[in-house]
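Protein chains in written order, with my numbering: chain A, 5 to 148; chain B, 5 to 148.
Only one structure is covered here, and it is reproduced in the block below.
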DNA sequence: AAAATAAAAGATAAAAAACTCTTTTTATAT
DNA sequence: ATATAAAAAGAGTTTTTTATCTTTTATTTT
């Protein structure tokens, strides 16, 4: 569904959001540990998320990654698009370049419904939604 | 969504089904050309589909791939599972091994609905459905 | 100003996926 | 029987993705 990078990105965004409640900054090391991701790899992803302005960062002592209030409005779709591009929106399930509404592949119409549901899900779920869920204690991000 | 191999597999299955209406056998070369797939690569995939008994093959002159009536009942799900395994059924969207109904990740419940739709789609669409659609002339498999 | 800390950037390495080439096996036709 | 055709199998190669290591730049603290 998503690339590994994208999975990490989503987890990292949620993790940073959780941690930056009390104005704290989170280092790459903490994030990597917190979401079981390879440190230097997640660093690259965080850089990209920063470039795309989905979260903020500061260098130097007491630096790290953090979120402003606006960043909490980021949707899953924003993250997925930032890291994996918009192939979920555009590409044919069978990888046919010519596939379209007017020239549909045999799976097109059936997949359209699934895709609609997926996109709706991606666009309606935001980081602050996830935050609330985690705060409730009924959801988890840890892998073990 | 699916691996490249899996996309090819689906296209190949549909292509062979189309061609084996009149008892004909189709060579790897024809299939490769017909679905714009690299010849030796699709050959491997066809081998695997054969091993899993989703289609039939014969060696030698006038040999090639073909389908028996029963093979037309193959669902998209059968093909996807044969090539990509059942990660669509089992894996967490965020790649969390510990994610489950009892221990859900923040995306779990929302994704569950999407997944349900996807699986329904995969299981209810068969090769013969695609065949009929292609026969109607309103659907296409060619890439250009 | 100097030392320390942490992200940014760049370069390299390992693993997986996609693709290619060669040889072997099996069936058919002559 | 022999030659031929086509898949099966095996052994690479290339490309992409994932992961690691090193150097540079920015910020803070002393």
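Note that the Cβ used here is the ideal one computed from N, Cα and C, for glycine as well.
Only a predicted model underlies this, so the values are computations on that prediction, with no experimental measurement involved.
Inter-residue CB distance, residue i and residue j (contact presumed, cutoff 8 Å)
| i | j | result |
| --- | --- | --- |
| residue 71 of chain B | residue 24 of chain B | 5 Å |
| residue 87 of chain A | residue 36 of chain A | About 17 Å; that fails the 8 Å criterion. |
| residue 140 of chain A | residue 77 of chain A | Not a contact, Cβ separation roughly 20 Å. |
| residue 29 of chain A | residue 67 of chain A | 6 Å |
| residue 83 of chain A | residue 58 of chain A | 6 Å |
| residue 147 of chain B | residue 40 of chain B | 5 Å |
Nearest candidate by alpha-carbon position, reference residue i, set the options
| i | options | result |
| --- | --- | --- |
| residue 142 of chain A | B/109, B/81, B/27, B/138 | B/109 |
| residue 11 of chain A | B/134, B/96, B/147 | B/96 |
| residue 138 of chain A | A/5, A/21, A/9 | A/21 |
| residue 113 of chain A | B/120, B/38, B/6, B/125 | B/125 |
| residue 149 of chain B | A/145, A/34, A/111 | Any answer about residue 149 of chain B is impossible in this case: the structure gives chain B only from 5 up to 148. |
| residue 9 of chain A | A/94, A/74, A/53, A/105 | A/53 |
| residue 111 of chain B | A/130, A/7, A/27 | A/130 |
| residue 56 of chain A | A/34, A/7, A/85 | A/85 |
| residue 27 of chain B | B/60, B/89, B/94 | B/60 |
| residue 93 of chain B | B/115, B/106, B/73, B/34 | B/115 |
| residue 7 of chain B | B/106, B/38, B/104, B/89 | B/89 |
Residue i vs residue j beta-carbon contact at 8 Å
| i | j | result |
| --- | --- | --- |
| residue 80 of chain B | residue 118 of chain A | no |
| residue 32 of chain B | residue 18 of chain B | no |
| residue 5 of chain B | residue 5 of chain A | yes |
| residue 98 of chain A | residue 91 of chain B | no |
Terminal residues of the alpha helix (DSSP H) in which residue i lies
| i | result |
| --- | --- |
| residue 68 of chain A | Per DSSP, residue 68 of chain A belongs to no alpha helix (DSSP H); it is in the beta strand (DSSP E), 68-70. |
| residue 38 of chain A | 32-39 |
| residue 135 of chain A | 131-140 |
| residue 48 of chain A | 43-55 |
| residue 20 of chain B | 8-23 |
| residue 118 of chain B | 112-128 |
| residue 101 of chain A | First-last for residue 101 of chain A: undefined, no H or E at that position. |
| residue 107 of chain A | Run containing residue 107 of chain A: none; DSSP gives neither H nor E here. |
| residue 80 of chain B | 80-88 |
| residue 164 of chain A | The question about residue 164 of chain A has no answer, for chain A in this structure spans 5 to 148. |
| residue 73 of chain B | That residue, residue 73 of chain B, is in no alpha helix (DSSP H); it is neither H nor E in DSSP. |
First and last residue of the uninterrupted beta strand (DSSP E) at residue i
| i | result |
| --- | --- |
| residue 61 of chain A | 60-62 |
* Asked: Going along the chain, which residues of the segment 101-124 of chain B sit with their C-beta nearer than 8 Å to a C-beta in chain A?
  -> Legend: CB atoms of the segment 101-124 of chain B lying less than 8 Å from CB atoms of chain A belong to residues 101, 102, 103, 107, 108, 109, 110, 111, 112, 114, 115, 117, 118, 121, 122.
* **Cβ-based contacts, 7 Å cut-off: residues of the segment 125-136 of chain A near chain B** => Taking 7 Å as the Cβ-Cβ cut-off against chain B, the residues of the segment 125-136 of chain A that qualify are 125, 129, 134.
* **Residues of the segment 14-26 of chain A whose Cβ lies closer than 8 Å to any Cβ of chain B, in chain order** => Answer set for the segment 14-26 of chain A: 14, 15, 18.
* **Short-range partners of chain A found in the segment 57-77 of chain B, where Cβ spacing is below 8 Å** => Interface annotation for the segment 57-77 of chain B against chain A: empty, criterion Cβ-Cβ distance under 8 Å.
* Asked: Looking at chain B, which residues of the segment 41-54 of chain A have a Cβ within less than 8 Å of any of its Cβ atoms?
  -> Within the segment 41-54 of chain A, contact with chain B at the beta-carbon level (separation under 8 Å) is assigned to no residue.
* Residues of the segment 89-100 of chain B with a CB closer than 7 Å to any CB of chain A: list them in chain order, please. => With the criterion set as a beta carbon lying under 7 Å from some beta carbon of chain A, the members of the segment 89-100 of chain B are 97, 98, 99, 100, in sequence order.
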